[in-house]
DNA sequence: ACGGTGACGAGAT
DNA sequence: TATCTCGCCACCG
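Numbering (our numbering), first residue to last: 14 to 110.
Here is the structure:
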């Protein structure tokens, strides 16, 4: 499902869980992405939390990595590190794609 | 079986 | 707005 997120768009953990048919399994989505290895082709960086912020902040070394990768795709962060969902939110697998 | 934990989310204060 | 509390699902000891 994460692989379906187009370039330059973002989705929330809750969205992914919802589209998968497990609307309350947002945490499990995070668990799955955390399990990915470094060379993965899954665009894990396009998944952020409901606040519009990256959740890797308090994790490890890769705090800025995710935001940097998103900026590479043209996504702009607020001065507070928040993404504007009105501009960048993925509408979902049935949202016209 | 039981309790703790985490890349989450929504409601209450 | 910031913080706290509870619910959720799956993994781990």
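Ideal Cβ positions, reconstructed from N, Cα and C, are used throughout, including at glycine.
Got a sec? Which residues, its chain only, sit under 7 Å from residue i by beta carbon, not counting five neighbours each side?
{"i": "residue 20", "result": "86"}
{"i": "residue 61", "result": "23, 25, 67, 68, 96"}
Suppose the cutoff is 8 Å on Cβ atoms and the five residues either side in sequence are ignored; what does the same chain contact list for residue i look like?
{"i": "residue 36", "result": "27, 30"}
{"i": "residue 82", "result": "58"}
{"i": "residue 84", "result": "90"}
Using DSSP bridges, identify the partner residues of residue i.
{"i": "residue 102", "result": "23"}
{"i": "residue 61", "result": "25"}
Rounded to a whole number of angstroms, what is the C-alpha to C-alpha distance between residue i and residue j?
{"i": "residue 79", "j": "residue 17", "result": "18 Å"}
{"i": "residue 15", "j": "residue 57", "result": "7 Å"}
{"i": "residue 44", "j": "residue 103", "result": "21 Å"}
Leaving out five residues before and five after residue i in sequence, what residues of the same chain have Cβ atoms less than 6 Å from its Cβ?
{"i": "residue 41", "result": "none"}
{"i": "residue 101", "result": "22, 23, 88"}
{"i": "residue 94", "result": "66"}
Starting from the Cα of residue i, find the closest Cα among the options and give me that residue.
{"i": "residue 65", "options": "53, 91, 49, 47", "result": "91"}
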